[in-house]
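Scroll down for the structure; my scribbles are underneath it.
In the numbering used here, the protein residues as written are 575 to 857.
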C-alpha cells in the first residue's frame, strides 16, 4: 500500500466510536485521532479500554476511554456524559460500530432471545445513541453520525440471516435520521464493508483455500483492512462530506459469499456463539 498522508481535517472535533478496542472500531478511532479529533474509546471491558487508551496515547493521540455496554441505558448515558465532560461539552461525531452475532444457522432455528440480542445491540443501541447525541449536535448546528453496516445488508449470507437483517435495518435508520436532521446541519451516513481482516472473519482468511476462493470474487483481489474502512469513516466525519447524505461505502463486492463457507460453518458458528462482534469484539 502507498503511504497515507494524514490530514488534520478533524482538529478541534470530538468523536465517539463504539466497540473501539479492536478491529474496525480501533482502526476508525485511531484514524479520527490522527486527523486531530479527541476520541472517546469504549467497549465492555475496562482492561481492554485502558489498554487501548494507553496504546493510542503512546502514539501522541488525544483519547479518553470508558467501559460501555451499548445495550445498557445507564452505560450509554455515562458514555455521553463522560465525553461531554472530558472534551469540553462537544460531540461532533458518533460512529456506531458495535454489533454482535450470537447465532449461526437458519432463521427458523434462531431463538427469540438470540434475535432480541442481535437487534438490541446492532440496531436499538445505534438508534438510542443517535437519539442521545442529536440534541448536542442540534445545539452546535453541526454533527455527523456514521453507522457501520455490512455487505451482509445486501447479500443473503448463509447462516447469518438475522445479522444480515439487522444490518439492513441500519440502512433505513440512517436514511431517516439523515432526512430528519439535515435541517439542523446534522449528517447521517452508512458504511457497508465487505469482509475485513478481523478476529471474527478469520475462518475466511486463515485457511488458504477458502481465502483464495473468496478473494477471487473481490475486484481488488484482497480482503479489506480496518484502515480501509477508517479512511471512509474519517471522510464522513469531516467537513469534506458536508454535502453527502446516506453515502454507502462498500469495502468490497461479493456476490456468492455464502458458497464459500464450505466446511467452515462450524468454525464460524463457534466464533459467533462466543459473542464476537462482526467487525471487532465488544469486549
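Every residue gets a Cβ at the ideal spot worked out from N, C-alpha and C, and that includes glycine.
This one's a predicted model, so the numbers in the text were calculated from it and none came from an experiment.
Any idea what DSSP makes of residue 676, helix, strand or coil? Reduced to three states, the DSSP call for residue 676 is coil.
C-alpha distance - residue 677 paired with residue 704, whole-angstrom precision: Answer to the nearest angstrom: the Cα atoms are 26 Å apart.
So within the segment 719-782, which uninterrupted alpha helix (DSSP H) runs reach at least 4 residues, ignoring any that extend past its ends? For the segment 719-782, whole alpha helix (DSSP H) runs of length 4 or above, ordered along the chain, are 735-755 and 776-779.
At the level of alpha carbons, what is the spacing between residue 747 and residue 720? Approximately 11 Å between the Cα atoms of the pair.
Assess, as a yes-or-no matter, whether the segment 674-692 is touched by the segment 617-635 under the definition of 3 or more beta carbon pairs within less than 8 Å. These segments do not touch.
Beta-carbon proximity list for residue 712, same chain, < 6 Å, skipping 5 on both sides: Non-local beta-carbon contacts of residue 712 in its own chain, meaning distances under 6 Å to residues more than five positions away in sequence, involve 758 in chain order.
With a cut-off of 8 Å, do at least 3 Cβ pairs link the segment 809-819 to the segment 632-639? Between the segment 809-819 and the segment 632-639 there are fewer than three C-beta pairs closer than 8 Å, too few to call the two in contact.
Between the C-alpha atoms of residue 596 and residue 673, what's the straight-line distance to the nearest angstrom? In this structure, the CA atom of residue 596 is about 13 Å from the CA atom of residue 673.
For residue 664 and residue 582, believed in contact at Cβ under 8 Å, the rounded distance: Not really, about 17 Å apart at Cβ, beyond 8 Å.
Between residue 580 and residue 710, what straight-line distance do the alpha-carbon atoms span, to the nearest angstrom? The straight-line gap from Cα to Cα measures roughly 28 Å.
CB-CB under 6 Å to residue 587, same chain, minus the five flanking residues each way: which ones, in chain order? Same-chain partners within the cutoff: 611 and 666.
Runs of alpha helix (DSSP H) wholly within the segment 585-634 (minimum 4 residues, chain order): Taken in chain order, the complete alpha helix (DSSP H) segments of 4 or more residues contained in the segment 585-634 are 597-608 and 620-632.
Do residue 717 and residue 671 have their beta-carbon atoms positioned less than 8 Å apart in this structure? No, Cβ-Cβ distance for residue 671 and residue 717 is not below 8 Å.
Could you compute how far the alpha carbon of residue 697 sits from the alpha carbon of residue 722? Rounded to whole angstroms, residue 697 to residue 722 spans 11 Å at the Cα level.
Since residue 710 is in the alpha helix (DSSP H), which residue starts that stretch and which ends it? Run containing residue 710: 699-714, per the alpha helix (DSSP H) assignment.
Buried or exposed for residue 589, please, with buried defined as at least 16 other CB atoms from any protein chain shown within 10 angstroms of its CB. Around the CB of residue 589, 16 or more other CB atoms lie within 10 Å, so the residue is classed as buried.
Tell me, please, which residues DSSP counts as bridged to residue 668. Per DSSP, the beta bridge partners of residue 668 are 590 and 719.
What would DSSP say about residue 637, mapped onto helix, strand or coil? The three-state secondary structure of residue 637, taken from DSSP, is strand.
Roughly how many angstroms lie between the CA atoms of residue 640 and residue 787, to the nearest whole one? Answer to the nearest angstrom: the Cα atoms are 40 Å apart.
Per DSSP, residue 798 forms a beta bridge with which residues? Its beta-bridge partners are 770.
Could you tell me whether the segment 733-753 touches the segment 792-799, where touching means 3 or more Cβ pairs closer than 8 Å? Taking 8 Å as the limit for Cβ pairs, the verdict is that the segment 792-799 does not touch the segment 733-753.
Tell me which same chain residues have a C-beta within less than 6 Å of the C-beta of residue 585, skipping the five on either side of it? Around residue 585: 610.
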